[in-house]
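If you count by the working numbering, then the first sequence holds residues 81 to 571, one letter each, in order. We put the beta carbon where it would ideally sit given N, CA and C, even for glycine. Shown next, in structure tokens, is the structure this report addresses.
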Amino acid sequence: MPENQLSPDRAPRVRFAPSPTGYLHVGGARTALFNWLFARHTGGTFILRIEDTDFERSSEEMTSGILEGMRWLGLDWDEGPFHQSQRLDLYKATAAKLVAGGHAYPCFCTREELDQRRKDAVAAGRPTKYDQRCRRIPRQTAEARIAAGEAAAIRFAVPDEGSTGFDDAVFGRVEIQNTEIEDFVLLRADGVPTYHLSVVADDLDMGLTHIIRGADHISNTPKQVMQYRALDAELPVFAHVPLILGPDRTRLSKRHGATSVTAYKEMGILPEAFRNFLALLGWTPGGMKDGNGKDREVFSSRELVDLFTLDGISKSNAVFDNDKLAWLNSEYIRAMPVEELSTSLEPVFAEAGLTAPPGKVRALTPLIRERIKTLRDAVPAADFFFLPELAPYDAADLIPPKGDAALALDILAHARELLATTAFDHATLEQALRAAAVSLGIKTGPMFQPIRVAVCGRKNAPPLFETMEVLGRETCLKRIQQAEIRLASLH
RNA sequence: GGCGCUAUCGUCUAGGGGUUAGGACGUGAGAUUCUCAAUCUUAAAACCCGGGUUCGAUUCCCGGUAGCGCUACCA
81 MPENQLSPDR
91 APRVRFAPSP
101 TGYLHVGGAR
111 TALFNWLFAR
121 HTGGTFILRI
131 EDTDFERSSE
141 EMTSGILEGM
151 RWLGLDWDEG
161 PFHQSQRLDL
171 YKATAAKLVA
181 GGHAYPCFCT
191 REELDQRRKD
201 AVAAGRPTKY
211 DQRCRRIPRQ
221 TAEARIAAGE
231 AAAIRFAVPD
241 EGSTGFDDAV
251 FGRVEIQNTE
261 IEDFVLLRAD
271 GVPTYHLSVV
281 ADDLDMGLTH
291 IIRGADHISN
301 TPKQVMQYRA
311 LDAELPVFAH
321 VPLILGPDRT
331 RLSKRHGATS
341 VTAYKEMGIL
351 PEAFRNFLAL
361 LGWTPGGMKD
371 GNGKDREVFS
381 SRELVDLFTL
391 DGISKSNAVF
401 DNDKLAWLNS
411 EYIRAMPVEE
421 LSTSLEPVFA
431 EAGLTAPPGK
441 VRALTPLIRE
451 RIKTLRDAVP
461 AADFFFLPEL
471 APYDAADLIP
481 PKGDAALALD
491 ILAHARELLA
501 TTAFDHATLE
511 QALRAAAVSL
521 GIKTGPMFQP
531 IRVAVCGRKN
541 APPLFETMEV
551 LGRETCLKRI
561 QQAEIRLASL
571 H
């Protein structure tokens, strides 16, 4: 057990600390989600901190994009967003403390010198670790040089012997020989902290109790543990979360297509579904069966919060499965009240340039609900409801299997006559057209195909009669007439 | 290269010293239906390899292999 173990009775405080050098990607989103779930489950505090000390690569747009992604996912934070770029004094003070305590020292080596030495080391097959030359400069000499205006970075003096480790809540004991770690830079020569310093200073200053973050940080954690010790501070609980990989098993990146949370939003993924999916990627709720011996896959946010614990987190990396996401999303779409779904669909259609009188979207929503996996799918699924003119289709599709153009023409003619007079509700339409099939002596399958193609412009479409009802008499008749003309031209 | 971590169906995973190794997504087949979808039934599909420990290892230990991560005055 580490000597500095956090008092177990402290109210949990966790954070999500993205660096605004890119959009909120799925890996970050899941880390944020786990922190959020943990905070909500324990009644703790969720803090948002923007790690923007890399001025070159950080930007305001990225920051607002990240916040937008968080809001979309419903991950509300209790404190922040804090910006590291505005907390530089804290880091300088922390570095000074470390220097005063003999745990860090100024380093006058320039970037160029270091690069050169590293190159030489590689060429000679030697380890590339920093050679600690500035560590040997007497303190007074160093102070004099600084006073004379010489620029210096601050490096941590890593102990030459022993090992440093910590007990990870997910991975268990992780330990590394101190000789494996070089004297890393805490503060750059320009006074800006590196990640290693700023995380520790902030995590300490913000009173964090649990550090839940990606497993890519596991190897660097000992560097942070050393600082906690040097600062005589209590260690938080570290919980590293396995990484999310692309289908090719490499770390998910832009190469794999959509990786930003915003992209999924635009695709028509519902935030609840995305959250559900992300939660199940690398975490399994304990002891939840659906009563049939089947594990559940669909969890409400409430359930996720209730069930979330650190020990359900798995240790191995997970491949992001778009198919499963789509399936989960379709589950959520089908569970949605029609009213609500229809409201969500309005802007999707509008964006695609599909406009319709009020009530139209509400009317067609139940017809496509089971046929779409994303909101975006609604556009190709329902475009014919909006289009004044059907997109061109193959006239041969009008002909039922084992039939000919004459049969199709016959069917359409019958249909046209019927539609001109019957009440235009789906029940009546169905009754009338079924009766027509009987009188024509053909089965309903072949009977309805020409009509469906004529009316929808395609062979696969939502249920015919409901569709016709929504389309209205006029449109249906017009489209059937057009189909007859096309058929005639086939001869 | 060095160091660290990980390893159950194609994918996400459950499980655990003796099991028909369970579920979900996806895939195949069938049923149902006006097409598609949905739904139901069903099938194929996994314990990385080698040594131990043990009466017995997929499970525990060691080694190998593979994958991933870290190895910056990036985060």
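**Item:** Span of the beta strand (DSSP E) around Y185
**Value:** 184–187
Specify the secondary structure class of R538 as computed by DSSP and reduced to three states. coil
Discussion item. Would the segment 390–408 count as touching the segment 346–358 if we require 3 or more Cβ pairs under 8 Å?
Written reply: yes
*asked:* Contact between the segment 295–310 and the segment 243–257 is defined here as three or more beta-carbon pairs at a separation below 8 Å; is this criterion met?
replied: yes
Q) In terms of residue numbering, what span does the beta strand (DSSP E) encompassing F388 cover? A) Unbroken run through F388: none, as it is neither H nor E.
Count the other CB atoms, across all protein chains shown, that sit within 10 Å of the CB of G205; report buried if there are 16 or more and exposed otherwise. exposed
- Is the beta carbon of L113 less than 8 Å from the beta carbon of L153? yes
- Item | Range of the contiguous beta strand (DSSP E) that encloses T174 | From DSSP, T174 is part of no beta strand (DSSP E) but of the alpha helix (DSSP H) over 168–180.
* To do: Report the residue ranges of all beta strand (DSSP E) runs contained in full by the segment 200–249; include only those spanning at least 3 residues, in chain order.
  => 233–236, 243–248
Compute the Euclidean distance between the alpha carbons of D285 and P218, then round it to the nearest angstrom.
31 Å
message: If you follow the beta strand (DSSP E) that I127 is in, where does it begin and where does it stop?
response: 125–130
**Q.** Per-residue burial, E136 [other beta carbons within 10 Å of its own, 16 or more giving buried]
**A.** exposed
*Within this structure, are the beta carbons of I479 and M527 separated by less than 8 Å?*
no
Exercise. Could you please give me the residues that DSSP links to Q257 through a beta bridge?
Key: S243
- Item | Nearest-angstrom Cα separation, counted from G362 out to P322 | 7 Å
_Buried versus exposed, by CB contacts within 10 Å (16 or more), I565_ = exposed
In whole angstroms, what is the alpha-carbon distance linking L498 and L513?
-> 8 Å
Which runs of the alpha helix (DSSP H) at least 4 residues long sit entirely within the segment 506–555? Give them in chain order. 506–520, 524–536, 544–551
Original post:
CA-CA distance, R225 and Y308?
Top reply: 29 Å
With 16 as the cutoff for other CB atoms within 10 Å, does M81 come out buried or exposed?
-> The predicted model places M81 with a pLDDT of 37, which falls under 50 and marks its position as unreliable; any figure quoted below should be read in that light. M81 should be labelled exposed.
With V341 and V106 assumed to form a contact (beta carbons below 8 Å), what rounded beta-carbon distance in angstroms separates them?
7 Å
Q. Between which two residues does the alpha helix (DSSP H) harbouring H105 extend?
A. No alpha helix (DSSP H) contains H105, which DSSP labels as neither H nor E.
With 16 other CB atoms within 10 Å as the buried threshold, where does S519 fall?
exposed
Sort out for me which residues DSSP pairs R293 with in a bridge.
H320
**Prompt:** Should P542 and I448 be called a contact, given that it needs their Cβ atoms to be closer than 8 Å?
**Reply:** yes
Count the other CB atoms within 10 Å of the CB of L467; is the residue buried (16 or more) or exposed (fewer)? exposed
Exercise for review: Give the single residue among W116, L557, A515 whose Cα lies nearest to the Cα of R496.
Suggested key: L557
Can you tell me whether P460 is buried or exposed, with buried defined as 16 or more other CB within 10 angstroms of its CB?
-> exposed
| said: Rounding to the nearest angstrom, what Cα-Cα distance links E419 and I413 in this structure? | reply: 12 Å
| query | Going by Cα to Cα distance, which pick from T122, W116, R90, S144 is closest to G102? | reply | S144
- Query: Would you call the CB atoms of H121 and D401 closer than 8 Å?
  - Reply: no
- Item | At least three beta-carbon pairs within less than 8 Å, the segment 236–256 to the segment 180–191 | yes
Handout entry: Assumed close pair L567, L487 - CB separation to whole angstroms, cut-off 8 Å
Key = Not really, about 10 Å apart at Cβ, beyond 8 Å.
Handout entry: Range covered by the alpha helix (DSSP H) that runs through L153
Key = 140–153
When F96, A175, D484 are compared against G149, the one with the closest alpha-carbon = F96
### Contacts around D403, its chain only, beta-carbon distance under 8 Å, and the 5 residues preceding and following it disregarded
none
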